[in-house]
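J.: Mind having a look at this structure? Questions to follow.
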Amino acid sequence: MSRAATGEGTLVVLDIDGTLLDTPHLPAWRRGLARVLGDHAPDRSAEISVEQYHRHVAGRPRQVGAAAALGIAGLDPTPELVEELAVVKQELFLEQAEETVLFPDARDFLDAAAREGTPVAFCTASRNAGELLAKRLPGLDGGDWLLDRLHQSLGPHGHYGDVPRPEALRRVARAWNWSPDRCVLVDDALSGVLAGQEVGMRPVLLDRFGLVSPRRGVPWSPPSTEVADSRRLRLPVA
0 MSRAATGEGT
10 LVVLDIDGTL
20 LDTPHLPAWR
30 RGLARVLGDH
40 APDRSAEISV
50 EQYHRHVAGR
60 PRQVGAAAAL
70 GIAGLDPTPE
80 LVEELAVVKQ
90 ELFLEQAEET
100 VLFPDARDFL
110 DAAAREGTPV
120 AFCTASRNAG
130 ELLAKRLPGL
140 DGGDWLLDRL
150 HQSLGPHGHY
160 GDVPRPEALR
170 RVARAWNWSP
180 DRCVLVDDAL
190 SGVLAGQEVG
200 MRPVLLDRFG
210 LVSPRRGVPW
220 SPPSTEVADS
230 RRLRLPVA
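So that you can map any letter, position 2 of the sequence shown is 1 in numbering that gives the first Met the number 0, and since no number is skipped, the others follow by simple counting.
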């Protein structure tokens with residue numbers, strides 16, 4: 000009998016956007032910001048860097064990300080501008096969303112997890128990520144098993160968009176009857192890493208873009224953050 004069936008071992012909680020799915024969020028933020036700047040501050044230009052995106056925008060609710068993006072561009076994030084950028088960004092994202100694919104290493108990881116019965120769960124604040132992942136799981140070995148775990152992890156709404164990230168992680172752990180201190184969280188975003196630490200999970204930062212150097216560690220997070228030993232997701236995590 001697998002560890003997932005017996006409730007033994009460590010629950011691996013997986014972020015979706017940027018960890019499992021190669022989603023076009025950063026291009027959408029960049030294009031959306033350029034459009035808003037063109038309408039409201041044509042003399043100003045700014046492009047969100049990969050590090051700025053992961054430090055200030057990724058993994059956060061859309062309006063929070065919009066305010067951060069405007070701040071990066073040096074604009075006052077008024078409620079009106081925040082809402083405009085959030086709407087434009089979402090429109091641009093949805094235009095490209097169906098091009099979303101699983102990272103090759105994420106596909107291999109999920110195949111292996113299903114084959115070995117590794118206890119996995121999922122967490123996302125995105126209103127789109129759960130649905131996009133659900134469309135791509137049936138093509139995997141153990142796709143039905145993974146779909147069941149996705150649906151149980153995310154609950155009836157399919158996301159935790161309106162819930163603070165720490166509370167969302169607690170709810171995922173409760174959905175599987177696991178205590179947070181028996182969970183490992185794998186996330187590519189600083190906000191997820193910090194939320195995992197806050198609730199007592201062992202967070203692992205998946206450094207897909209090579210932002211972390213062996214010398215500096217994670218320059219914008221607490222020194223206790225663990226970094227995956229490569230840019231790839233692979234078993235065993237715990």
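In this text, a Cβ means the ideal position worked out from N, Cα and C, and glycines have one as well.
Just so you know, these numbers come straight off a predicted model, no measurement behind them.
#1: Skipping 5 residues on each side, what residues in its chain have a beta carbon closer than 6 Å to that of P165?
#2: Which residues in the same chain as G70 place their Cβ atom closer than 8 Å to its Cβ, once the five residues preceding and following it in sequence are excluded?
#3: Per DSSP, A120 forms a beta bridge with which residues?
#4: Taking only the alpha-carbon atoms, compute the straight-line gap between G8 and T22 and give it to the nearest angstrom.
#5: For the putative contact between I47 and W28, defined by C-beta atoms under 8 Å, what is the C-beta separation to the nearest angstrom?
#6: Rounded to whole angstroms, what's the CA-CA distance from A188 to D42? Just pull it up for me.
#7: Can you give me the C-alpha to C-alpha distance between L10 and S44, rounded to a whole angstrom?
#8: What did DSSP end up calling R43 once you bin it into helix, strand or coil?
#9: What is the DSSP secondary structure of P163, reduced to helix, strand or coil?
#10: Mapping the DSSP letters down to three states, classify D301 as helix, strand or coil.
#11: Please report the Cβ distance between L84 and L32, rounded to the nearest whole angstrom; I am assuming they are in contact, meaning their Cβ atoms lie under 8 Å.
#12: Rounding to the nearest angstrom, what Cα-Cα distance links Q51 and E82 in this structure?
#13: Return helix, strand or coil for D75, following the three-state DSSP convention.
#14: According to DSSP, is L19 part of a helix, a strand, or is it coil?
#15: For L210, collect the residues of the same chain with a Cβ closer than 6 Å to its Cβ; drop the 5 residues on either side in sequence, then sort them by chain order.
#16: What is the residue span of the alpha helix (DSSP H) that L153 lies within?
#17: G17 to H158, Cα distance in whole Å?
T.: In short:
#1: For the purposes of this step, residue 165 is identified with residue 166 of the sequence shown, where counting begins at 1. Excluding five sequence positions before and after P165, the CB atoms of its chain that fall closer than 6 Å to its own CB belong to A194, E197, V198, given in chain order.
#2: Numbered from 1 along the sequence shown, position 71 holds the residue referred to as residue 70. For G70, where only same-chain residues beyond five positions count, the Cβ hits under 8 Å are H55, P76.
#3: Locating residue 120 in the sequence shown gives position 121, where the first residue counts as 1. In the DSSP output, where bridge partners are listed per residue, A120 has V12.
#4: The residue given as residue 8 occupies position 9 in the sequence shown. The residue given as residue 22 occupies position 23 in the sequence shown. Going by the C-alpha atoms only, they are around 31 Å apart.
#5: What you label residue 47 is simply residue 48 of the sequence shown in a count that begins at 1. What you label residue 28 is simply residue 29 of the sequence shown in a count that begins at 1. Rounded, the Cβ-Cβ distance is 6 Å, consistent with contact.
#6: The residue labelled residue 188 in the question sits at position 189 within the sequence shown. The residue labelled residue 42 in the question sits at position 43 within the sequence shown. Spanning the two alpha carbons is a distance of roughly 31 Å.
#7: Position 11 of the sequence shown, counted from the start, is the residue given in the question as residue 10. Position 45 of the sequence shown, counted from the start, is the residue given in the question as residue 44. Our two residues, L10 and S44, have alpha carbons roughly 44 Å apart in a direct line.
#8: As a working mapping, residue 43 is identified with position 44 in the sequence shown. In the structure shown, R43 adopts coil according to DSSP, grouped into three states.
#9: Sequence index remark: in the sequence shown, residue 163 carries index 164 (1-based). Reduced to three states, the DSSP call for P163 is coil.
#10: No answer is possible for residue 301: the residues shown for the chain start at 0 and end at 237.
#11: One-based indexing of the sequence shown puts residue 84 at position 85. One-based indexing of the sequence shown puts residue 32 at position 33. Taking C-beta atoms under 8 Å as the contact rule, L84 and L32 qualify, at a distance of about 7 Å.
#12: Locating residue 51 in the sequence shown gives position 52, counting from the first residue. Locating residue 82 in the sequence shown gives position 83, counting from the first residue. Q51 and E82: Cα-Cα distance of roughly 20 Å.
#13: Within the sequence shown, residue 75 is the residue found at index 76, counting from 1. Correct three-state label for D75: coil.
#14: Reading the sequence shown from its first residue, position 20 is the one you call residue 19. DSSP, read as helix, strand or coil, puts L19 in coil.
#15: Counting from one through the sequence shown, the residue named residue 210 turns up at place 211. The residues are E50.
#16: Working through the sequence shown from its first residue, we reach residue 153 at position 154. L153: member of the alpha helix (DSSP H) spanning 142-153, first to last residue.
#17: Counting from one through the sequence shown, the residue named residue 17 turns up at place 18. Counting from one through the sequence shown, the residue named residue 158 turns up at place 159. Approximately 15 Å, taken between the alpha carbons.
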